[in-house]
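Residue numbers (this note's numbering): 9 to 187.
Below you can see the structure in the form of structure tokens.
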């Protein structure tokens with residue numbers, strides 16, 4: 009019998025870092041994601057939104073894996089499967105460029121370098137497994153923490169610094185082997 013806890017996306021990678029596992033979305037991720045998206049903490053990623061919009065956002069994340077073959081990884085600490093946030097390669101329909109994106113869902117997970125660790129692993133996956141030759145991060149101009157994270161990752165503010173949606177564009181450094 010298939011139960012809710014056994015439903016998974018097949019053929020999706022699991023990444024491992026020093027402190028984290030990164031995996032595709034699972035059914036139990038909705039509540040932590042919705043708690044984030046319905047809070048003021050989501051103001052830099054289009055929120056806050058209601059639970060219906062949160063459900064659609066989770067479906068967007070899950071469907072991205074099906075339609076693109078890659079997407080947001082949900083990350084959790086080793087030894088604790090509580091979802092802490094998401095990070096990953098992102099390229100929805102209509103997006104101008106491939107993106108590396110991230111967010112921390114739980115306030116207790118902020119300020120510990122976890123988003124940096126997850127986003128760095130996701131970017132390496134985009135370079136090494138997906139064969140990307142470029143990537144940007146679109147960041148709300150008021151999101152100082154994400155700006156610092158992008159800069160810590162070596163991303164530079166693009167010459168055309170604002171996207172169509174008003175976000176700043178940070179261009180990630182391309183690995184030397186791809187230049």
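Virtual Cβ for every residue (Gly too), placed ideally from N, Cα, C.
Note that the structure is a prediction, hence the values are computed from the model and not measured.
Beta-carbon spacing of residue i, residue j below 8 Å
i	j	result
residue 155	residue 175	no
residue 97	residue 134	yes
residue 57	residue 46	yes
residue 166	residue 123	no
Residue nearest to residue i in terms of C-alpha spacing, selected from the options
i	options	result
residue 127	81, 65, 71	81
residue 181	173, 162, 167	162
residue 168	158, 179, 159, 160	179
residue 108	141, 40, 43, 119	141
residue 38	117, 17, 20, 64	64
residue 21	123, 122, 132	132
Alpha-carbon spacing of residue i relative to residue j, whole angstroms
i	j	result
residue 183	residue 100	24 Å
residue 138	residue 111	21 Å
residue 177	residue 144	6 Å
residue 160	residue 61	31 Å
residue 43	residue 149	23 Å
residue 41	residue 24	21 Å
residue 19	residue 66	19 Å
residue 103	residue 87	36 Å
residue 55	residue 76	24 Å
residue 152	residue 31	27 Å
residue 85	residue 16	19 Å
residue 53	residue 119	18 Å
residue 59	residue 158	29 Å
residue 50	residue 164	24 Å
residue 173	residue 34	29 Å
residue 68	residue 36	16 Å
residue 89	residue 48	24 Å
residue 121	residue 136	22 Å
Limits of the alpha helix (DSSP H) - the one that residue i falls within
i	result
residue 154	152 to 160
residue 103	Here residue 103 belongs to no alpha helix (DSSP H), and DSSP marks it neither H nor E.
residue 68	59 to 76
residue 7	No statement about residue 7 is possible, as the shown extent of the chain runs from 9 to 187 and does not include it.
residue 92	Taken as a continuous stretch (DSSP letters only), residue 92 belongs to no alpha helix (DSSP H), as it is neither H nor E.
Boundaries (first-last residue) of the beta strand (DSSP E) holding residue i
i	result
residue 145	144 to 147
residue 126	From DSSP, residue 126 is part of no beta strand (DSSP E) but of the alpha helix (DSSP H) over 122 to 136.
residue 85	81 to 85
residue 114	Careful: residue 114 lies outside any beta strand (DSSP E) and carries neither H nor E.
Integer Cβ distance of residue i from residue j, believed to fall under 8 Å
i	j	result
residue 28	residue 78	Between residue 78 and residue 28 the Cβ distance is about 18 Å, and since that is not below 8 Å, they are no contact.
residue 91	residue 113	6 Å
residue 206	residue 26	Given that the chain is displayed from residue 9 to residue 187, the structure contains no residue 206 and the question cannot be resolved.
residue 93	residue 117	6 Å
Min CB distance residue i to chain B below 8 Å
i	result
residue 100	Judged by its chain identifiers, the structure shown contains no chain B, having just a single protein chain.
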